Amino acid sequence: MKIARVALDVPLSQLFDYRTESDGDSLVGQRVLVPFGKRHAVGVVVELARSSELPDARLKRISRVLDDARPFSAEDLKLLRFAGDYYHYPLGQVVMNALPQRLRRAAPPPARAVAYQITQAGLQADAKAISARALLQRRILLALQAERVLTSDALREIAPSAHSAVKALIERGWVQRGVAAPQPTPAEAPDSVPRQTAPYALTGSQARAVEEILAAVDNFHAFLLLGVTGSGKTEVYLRAAETVLSRGRQVLLLVPEIALTPQLQAMLQARFPEVCLVTLHSGLNETERLQNWLAAQSGEARLVLGTRLAVFAPLPRLGLVIVDEEHDPSFKQTEGFCYSARDLAVVRASQRGIPIVLGSATPALETYQNASTGRYRLLELPERINERPPRIQCVTIDPARTHRGLAPQMLAAIEERLRRREQTLVFINRRGYAPVLMCHSCGWLSGCHRCSAQLVLHLPARELHCHHCGHRAAVPPACPTCGNPALSPIGQGTQRVEDALVRHFPEAKVLRVDRDSTRGKGVWSGMRERIEAREVDILVGTQILAKGHDFAHLALVCILNADGMLYSADFRASERLYALLTQVAGRAGRAESQGEVLIQTEFPDHPLYAALRDQDVHRFLHQLLAQRGVGGFPPFVHQALLRAEAPQLETALEYLEDAKRAARGIEQDVELFDAVPAAMVRLAGRARAQLLVQSASRPALHVFLRQWTARLSAPRSSSARWALDVDPLEL
Ligand code: ADP
Ligand code: ZN
Ligand code: ZN
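In my numbering, the protein residues as written are 93 to 823.
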């Protein structure tokens, strides 16, 4: 008798045994339908066994094998198993989570949407060379030369028999069969078609980086590509990808965010017109996601551009992994299955024996440490390609002498750029008008009744919004506690800064770019067009403006309220702030004149600002490493955080105290802290608490977590919910 061990989408850290007749490994990785309790469930066979701990009588049979092709190869399963083990998350849920929604149900997947693509040779081919008897082939070639891609349906419209005619074109190497990748809709189409699609002559440091990566192409090697903004990291990725693609292998490119950077997708498509490129991210609908996933899984899609979830995409011919902006916190999932896509990408590359490139101007300290100890190889691009680095300076604020929150030096600098018809970006990392509304007679503050957070004032609707739980309310006509009708907005958000700039520079065109103003399909790309066309003089915006966008005429960047992020309880705050400010500062100076960055601060001598001014990331990261070493923080210790939430804080804390007691006897070489309320105690009406565990030894931590989570999984009566976050980024 054969036993198939099946992963099911249930929160239990076990596989489920079923009888099967089919033999051999062909069942491993297969989707199956199995009886589970009173219903049927879809699962994935993870392994085969000869015997089961279940008595024969209780062993049920697999009802049905669901697909012809196996969704997961043995190698894909190896990564998923690692992820389940490392993050101590139920394997069944890890595996089922890695499938697109549609494949988690029993229904057969819809037919693949096939598309036909012109190749480079096909583009250059002369349609007249096709014999007159094959008129249909001619018509198809001409149509494809014009359209580049035709779906199966579009082909049928040319003629019912077009499908057989296209085969001849495929044989001649003029046409490729691929998957219908979702085309960017016209509104979201990249504004500026990439300025250059042909490869550049590489700079010396780019050439060295590419050479080192390619020398390792048949082995696992992790590279940290540390390049200042504008140093041409993308070109290094493209060159390395080109070689790997030319060998018929697949390339996985992970990015923090796709919606904000359509330029990258356009650039990839333009550089590799013959390669089937698909994207994988949460902005796709179920059908698109499934189609793209299947294209990756079949090996047809050779370039996969995705956000963190793409790290699990099955890629049978994977040859290179690239993680752009590897320091970005969005690679870490913070709820449920708390995995780091960057870290799993490294594991994946090592399991496959292929290189991985982690690119950043401000690497995560963990990554930097790995490069310092030689585990990763450091590749550096120390200089900007076209431009001089921007000049970064601090502007000391005297609160008594600001104009609506803007220092006079800032205003003078903006005025100077206006005169020269150059653009300015005013960066403030808070949307809305003001972060809180206050009553000066009794001290009342607009707080959210569901979260430990302030409600943000939004104009012109005169509403108070909670940025954490989404709660909205109208501004009260008077103070709810003392009845004072004069409530004052405190502090600044993007709307207020916009307002101040419009008043101060009535003749300038000011554009606000934040999550509120860019809502809706196509809005942001419309704005980018206006910015490029110089229809905007001053941009006011949040992080959206910091991420990966080149604005050719932007010469000055003004940073407001950085101090607010300087002193935070989180030991990673300064690392994050440095990365953010570097990214924002990098937007300056792609214009003709010398770029300039002004940081408005009360603490111009703070070491973080000093390092930023000197643009010395090595010095900054060394200082941080030294501090972390002395303080006993990561990367010198390894952490895991047990989070609990419940309607009442006491319940959450009690649960964690129980959990701490459950650790007795197994807590060797690990340090368990006390259960404490989370930094944000209430969120959406639930109270949150946490318990930190750490160890200088990663293996010791994981031995402990394995035993501990087994005890935690036992059924409880408590109304608390818990989740374990291994290598947490936020405490
Ligand atoms: P990064 O990602 O490191 O911030 P980019 O990849 O955006 O930098 O490159 C900055 C600019 O330099 C881009 O406009 C890019 O097209 C251009 N560039 C890159 N490599 C070269 C090169 N070898 N020669 C000329 N221009 C280049
Ligand atoms: Zn009051
Ligand atoms: Zn709230």
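By construction, the Cβ of each residue, glycine as well, lies at the ideal position given by its N, Cα and C atoms.
Keep in mind that this is a model prediction, so the values were computed, not measured.
Quiz item: Less than 8 Å between the CB of V320 and some heavy atom of ligand 1, yes or no?
Solution: yes
Quiz item: Whose CA, out of I448, L169, Y208, lies closest to the CA of N189?
Solution: L169
Quiz item: Is it right to say N384 is buried, meaning 16 or more other beta carbons lie within 10 angstroms of its own, or is it exposed?
Solution: buried
Quiz item: Could you give the distance in angstroms between the alpha-carbon of G411 and the alpha-carbon of Q342?
Solution: 5 Å
Practice problem: State the start and end residues of the unbroken alpha helix (DSSP H) segment that holds Q587. | Solution: 586-596
Quiz item: With respect to 8 Å, is the separation between the Cβ of G535 and the closest non-hydrogen atom of ligand 2 below this value?
Solution: Under cutoff, so the answer is yes.
Quiz item: Buried or exposed: where does H541 fall if 16 or more other Cβ atoms within 10 Å of its Cβ makes it buried?
Solution: exposed
Practice problem: State whether the stretch 132-150 contacts the stretch 93-103, with contact taken as three or more CB pairs (one from each stretch) at a distance under 8 Å. | Solution: yes
Quiz item: Skipping 5 residues on each side, what residues in its chain have a beta carbon closer than 7 Å to that of F429?
Solution: Y179, Y181, Q185, V186, N189
Quiz item: In terms of alpha-carbon separation, which member of R150, R225, A141 lies closest to D117?
Solution: For D117, the nearest C-alpha among the options comes from A141.
Practice problem: Reducing DSSP to helix, strand and coil, say where K152 ends up. | Solution: Under the three-state reduction of DSSP, K152 is assigned to strand.
Practice problem: Answer yes or no: do E737 and R813 have a C-beta to C-beta separation smaller than 9 Å? | Solution: For E737 and R813, yes; Cβs fall inside 9 Å.
Quiz prompt | Residues whose Cβ lies closer than 5 Å to any heavy atom of ligand 4, in chain order | solution = Judged by which ligands are present, ligand 4 is missing from the structure shown, whose ligands are ligand 1, ligand 2 and ligand 3.
Exercise. May I have the straight-line CA-CA distance separating R509 from E599, to the nearest angstrom?
Key: 13 Å
Quiz item: What does DSSP give as the partner residues of G270 in its beta bridges?
Solution: A207
Quiz item: Would E514 be called buried (16 or more neighbouring beta carbons within 10 Å of its own) or exposed?
Solution: buried
Exercise. Please classify Q740: is it buried, with 16 or more other beta-carbons within 10 angstroms of its beta-carbon, or exposed?
Key: exposed
Exercise. Since I believe V124 is in contact with R156 (beta carbons under 8 Å), could you give me their beta-carbon distance rounded to a whole number of angstroms?
Key: 7 Å
Quiz item: Any chance the stretch 482-499 sits against the stretch 436-452, with 3 or more Cβ pairs inside 8 Å?
Solution: no
Exercise. Check S811 in the structure and name its three-state DSSP category.
Key: coil
Exercise. List the endpoints of the continuous beta strand (DSSP E) containing F108.
Key: Looking at the DSSP string, the run of the beta strand (DSSP E) that includes F108 is 108-112.
Exercise. Return the first residue and the last residue of the beta strand (DSSP E) that V649 is part of.
Key: 646-651
Quiz item: By how many angstroms is the C-alpha of L151 removed from the C-alpha of Q355?
Solution: 54 Å
Quiz item: Got a sec? Which residues, its chain only, sit under 6 Å from V818 by beta carbon, not counting five neighbours each side?
Solution: Y179, A732
Quiz item: Between V689 and the rest of its own chain, which residues show a CB-CB distance below 6 Å, the 5 nearest in sequence each way excluded?
Solution: P482, I484, V649, A677, A680
Exercise. Please classify M502: does DSSP put it in a helix, a strand, or coil?
Key: Note: M502 maps to helix in three-state DSSP.
Practice problem: Could you check how far apart the C-beta atoms of I210 and Q193 are, in whole angstroms? I think they sit under 8 Å. | Solution: Going by Cβ atoms, the distance from I210 to Q193 rounds to 33 Å, so no, they are not a contact pair.
Quiz item: Quick one: Cα of G497 to Cα of T426, how far?
Solution: 34 Å
Practice problem: Helix, strand or coil for D310, going by three-state DSSP, please let me know. | Solution: coil
Exercise. Give a single yes or no on whether S323 has its beta carbon closer than 8 Å to a heavy atom of ligand 1.
Key: Shortest gap from the CB of S323 to any heavy atom of ligand 1: under 8 Å.
Quiz prompt | Those residues which DSSP pairs with C531 across a bridge | solution = L579
Exercise. Kindly indicate the opening and closing residues of the alpha helix (DSSP H) around G723.
Key: 709-723
Quiz item: Is it buried or exposed for L242, if we count other Cβ within 10 angstroms and need 16 for buried?
Solution: buried
Quiz item: Can the beta-carbon of A767 be found less than 9 Å from the beta-carbon of A751?
Solution: yes
Exercise. Determine, using beta carbons only, whether R522 and T586 come nearer to each other than 9 Å.
Key: yes
Quiz item: Does the Cβ-Cβ distance between A166 and G129 come in under 9 Å?
Solution: No, the Cβ-Cβ distance between A166 and G129 is not below 9 Å.
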